[in-house]
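I have placed the structure first, in the form of structure tokens, so that the comments after it can refer back to it.
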Amino acid sequence: KPEELKTVQKYVKEHYAGMNPTYAGKAKGKNVIVIHLESFQQFSIDRKVNGQEVTPFLNSLYHSQDSLSFDNFFHEVGQGKTSDAENMLETSTFGLPQGSLFAKLGNDQTFQAMPAILNQRAGYSSAVFHGNNGTFWNRTNVYKNMGYQNWISGNYFDVSGKRETAWGLKDKLLFKDSVPYLEQLQQPFYAKYLTVTNHTPYELDKEDQDPNFQTSNSGSKYIDNYFITNHYLDQSIQEFFNYLKQSGLYDNTMVVLYGDHYGINNSENRQLAPLLGKDPNQWTELDSENMQRTPLIIHVPGLKNGGINHTYGGEIDVAPTIEHLLGISTKRYIQLGQDLLSNNRSQLVVMRNKDWITPEYASISGTIWNCRTNTPIENPTEEQENLFKKLQAEATEKLSVSDSLNQKNLLRFYEPKGFKKIESSDYDYSKKST
Ligand code: GP9
Ligand code: MN
236 KPEELKTVQK
246 YVKEHYAGMN
256 PTYAGKAKGK
266 NVIVIHLESF
276 QQFSIDRKVN
286 GQEVTPFLNS
296 LYHSQDSLSF
306 DNFFHEVGQG
316 KTSDAENMLE
326 TSTFGLPQGS
336 LFAKLGNDQT
346 FQAMPAILNQ
356 RAGYSSAVFH
366 GNNGTFWNRT
376 NVYKNMGYQN
386 WISGNYFDVS
396 GKRETAWGLK
406 DKLLFKDSVP
416 YLEQLQQPFY
426 AKYLTVTNHT
436 PYELDKEDQD
446 PNFQTSNSGS
456 KYIDNYFITN
466 HYLDQSIQEF
476 FNYLKQSGLY
486 DNTMVVLYGD
496 HYGINNSENR
506 QLAPLLGKDP
516 NQWTELDSEN
526 MQRTPLIIHV
536 PGLKNGGINH
546 TYGGEIDVAP
556 TIEHLLGIST
566 KRYIQLGQDL
576 LSNNRSQLVV
586 MRNKDWITPE
596 YASISGTIWN
606 CRTNTPIENP
616 TEEQENLFKK
626 LQAEATEKLS
636 VSDSLNQKNL
646 LRFYEPKGFK
656 KIESSDYDYS
666 KKST
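Last residue of the sequence shown: number 669 in full-length UniProt numbering, and the count goes up by one each step with no gaps.
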């Protein structure tokens, strides 16, 4: 066993935050559907434009007592964007400092990822649905190494003519056309939907736009279009929930919805500011950092004691949260995140570029900000200085542990109790894929 692996294991052991007995196992045995909301930011939740809600259906899920919703949840992606978000959700480890882990390492990487864990611990089948071709972000190879049984990519769907945008099959059609495949999955299943219509440049054919929705007039085409595709995304989710309810799947399914990363570039934030009730001339670096919040809504029909949780966390924390809700303990795995429902978790959120944020302070490109006053800290006390050093050291350590694990493919040498190593040759998606 290499020394580096021992260091990683020591780190994981020291940072294990346990689970919350109030919620552990609350979704045991349910199907799991993860819906990846492309480029969807938290500020769109409860947002009104021209007096009208942009995403009324997602808002209703967000406020439901059957949902565990998070309003201080941050994306933590690097250059791998969507693929980094996927990697974090599936493995609770970070993407790489440069490039995409999926693309760079995905061919030979040993993963101990959600589809394999759920299959081996609780008999889950698994599938990914996505309207883009199978090879984008090297997904076909990665999904085999993660143990995904089915990969229903754009190669399976009719993407002719106006059925797709630049990024693949339109979301409403993705949800609709996935049904025949979804219905063949043995229950319980773990299914992931990667939406794409709400992706830059946020262009959508007129006939797909809701004539009753009037978007903003912000001065930025990006922002105005963003709300249009946000609204379309919202309708597509609502239609899918209608299907889940009609088919009877709803009651026995936990649906996890999350935004993978920002959609509006920081360069556009000043034009966005007035829509958020802010003065564009007072916009700060910290305001931009605060915009890196994305939604996380875990909808468990029948839960009843959900609500909006203000804990600070990020994409790295989702896998243990889901596993604990399903009643699957995670102590034996190498995961760098902490259950978002645990009472013992750290409030330090680490970004891929070594920035970090807590409820009190944020470090942005080397400057420390006071989150309460929205000002940079110019003359820190000695006590503050020590605290900032400590937080930066913790952030750096978390990233370097992840990088050592992933770049040296250390899971090759790690055998968690009862875990059967995934052999990519056991998986064949070739039927229709190219
Ligand atoms: C492509 C889609 C977008 O298939 O997932 O990826 P992104 O550009 O957001 O990384
Ligand atoms: Mn993306």
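Every residue gets a Cβ at the ideal spot worked out from N, C-alpha and C, and that includes glycine.
Note that this is a predicted model, so its numbers are computed, not measured.
Checklist line | Rounded straight-line distance, which links the Cα of residue 482 to that of residue 535 | finding: Locating residue 535 in the sequence shown gives position 300, where the first residue counts as 1. Locating residue 482 in the sequence shown gives position 247, where the first residue counts as 1. The alpha-carbon atoms of residue 535 and residue 482 are separated by roughly 17 Å.
Note to self: For a test of the three-state rule: what should DSSP assign to residue 669, helix, strand or coil?
What the structure shows: Indexing the sequence shown from 1 puts residue 669 at position 434. Only weak support exists for where residue 669 lies, its pLDDT of 40 falling under 50; the value from the coordinates is given anyway. Three-state DSSP puts residue 669 in coil, outside helix and strand.
Notebook entry, point to check: Excluding the five sequence neighbours on either side, which residues of its own chain have a C-beta within less than 6 Å of the C-beta of residue 246, listed in chain order?
Noted result: The residue you call residue 246 lines up with position 11 of the sequence shown. Once the five neighbours on either side are set aside, the close Cβ partners of residue 246 are 636.
Note to self: Shorter than 7 Å, the distance from the beta carbon of residue 317 to the closest heavy atom of the ligand GP9, or not?
What the structure shows: One-based indexing of the sequence shown puts residue 317 at position 82. Yes - the ligand GP9 has a heavy atom lying nearer than 7 Å to the Cβ of residue 317.
Check: Could you give the distance in angstroms between the alpha-carbon of residue 584 and the alpha-carbon of residue 343?
Finding: Here residue 584 is taken as the residue at index 349 of the sequence shown, counted from 1. Here residue 343 is taken as the residue at index 108 of the sequence shown, counted from 1. Rounded to the nearest angstrom, the two C-alpha atoms are 29 Å apart.
Note to self: Less than 8 Å between the C-beta atoms of residue 533 and residue 293, yes or no?
What the structure shows: As a working note, residue 533 is residue 298 in the sequence shown. As a working note, residue 293 is residue 58 in the sequence shown. No, the pair does not count as a contact, with Cβ atoms beyond the cut-off.
Checklist line | Cβ-heavy atom distance, residue 459 to the ligand MN, below 7 Å | finding: For the purposes of this step, residue 459 is identified with residue 224 of the sequence shown, where counting begins at 1. No, the Cβ of residue 459 stays beyond 7 Å of every heavy atom of the ligand MN.
Check: What first and last residue would you give for the beta strand (DSSP E) that runs through residue 305?
Finding: The residue given as residue 305 occupies position 70 in the sequence shown. That run of the beta strand (DSSP E) goes 302-305.
Next item on the list: Could you tell me if residue 507 is buried or exposed, where buried requires 16 or more neighbouring beta carbons within 10 angstroms of its beta carbon?
Entry: Within the sequence shown, numbered from 1, the residue matching residue 507 stands at position 272. Answer is buried; the Cβ neighbour count reaches 16.
Notebook entry, point to check: Going straight from the alpha carbon of residue 439 to that of residue 431, what length do you get?
Noted result: Within the sequence shown, the letter at position 204 stands for residue 439. Within the sequence shown, the letter at position 196 stands for residue 431. Each residue's alpha carbon lies about 11 Å from the other.
Checklist line | Length-filtered (4 minimum) alpha helix (DSSP H) runs lying within the region 329-379 | finding: 336-340, 349-357
Check: Any idea what DSSP makes of residue 492, helix, strand or coil?
Finding: In the sequence shown, the residue the question calls residue 492 occupies position 257. Strand.
Notebook entry, point to check: Mind checking residue 669: buried by the 16 CB within 10 Å criterion, or exposed?
Noted result: Along the sequence shown, read from residue 1 onward, the residue named residue 669 stands at position 434. Any reading at residue 669 must be qualified, since the residue scores a pLDDT of 40, below 50, and its modelled position is unreliable; no value is offered.
Note to self: Taking the alpha carbon of residue 259 as the reference point, which residue from 469, 424, 243, 577 has its own alpha carbon closest?
What the structure shows: Within the sequence shown, residue 259 is the residue found at index 24, counting from 1. The shortest Cα separation from residue 259 among 469, 424, 243, 577 belongs to 577.
Next item on the list: For residue 283, collect the residues of the same chain with a Cβ closer than 8 Å to its Cβ; drop the 5 residues on either side in sequence, then sort them by chain order.
Entry: The residue labelled residue 283 in the question sits at position 48 within the sequence shown. For residue 283, where only same-chain residues beyond five positions count, the Cβ hits under 8 Å are 289.
Margin query: Just to confirm the assignment, what range does the alpha helix (DSSP H) spanning residue 554 have?
Written below: In the sequence shown, residue 554 corresponds to position 319, counting from 1. Segment 553-560, the alpha helix (DSSP H) holding residue 554.
Next item on the list: Report the three-state DSSP secondary structure of residue 528 (helix, strand or coil).
Entry: Mapped onto the sequence shown, residue 528 falls at position 293. Strand, per DSSP.
Margin query: Nearest by alpha-carbon distance to residue 307: which of 618, 559, 543 is it?
Written below: In the sequence shown, residue 307 corresponds to position 72, counting from 1. The shortest C-alpha separation from residue 307 is found at 543.
Next item on the list: Might you give, ordered along the chain, the residues of its own chain that have their beta carbon closer than 7 Å to the beta carbon of residue 302, omitting 5 neighbours on each side?
Entry: Against the sequence shown, residue 302 aligns to sequence position 67. 296, 532, 533, 534, 541, listed in sequence order.
Next item on the list: Quick one: give me the first and last residue of the beta strand (DSSP E) that residue 265 is part of.
Entry: Counted from its first residue, the sequence shown places residue 265 at position 30. Taken as a continuous stretch (DSSP letters only), residue 265 belongs to no beta strand (DSSP E), as it is neither H nor E.
Next item on the list: Assuming residue 502 contacts residue 243 (C-beta within less than 8 Å), just tell me the rounded distance between them.
Entry: The sequence position of residue 502 within the sequence shown is 267, counting from 1. The sequence position of residue 243 within the sequence shown is 8, counting from 1. Between residue 243 and residue 502 the Cβ distance is about 37 Å, and since that is not below 8 Å, they are no contact.
Note to self: Check whether the region 486-493 and the region 254-271 are in contact - that is, three or more C-beta pairs closer than 8 Å.
What the structure shows: yes
Notebook entry, point to check: So, helix, strand or coil for residue 424, using DSSP?
Noted result: Your numbering for residue 424 matches position 189 in the sequence shown. Strand, per DSSP.
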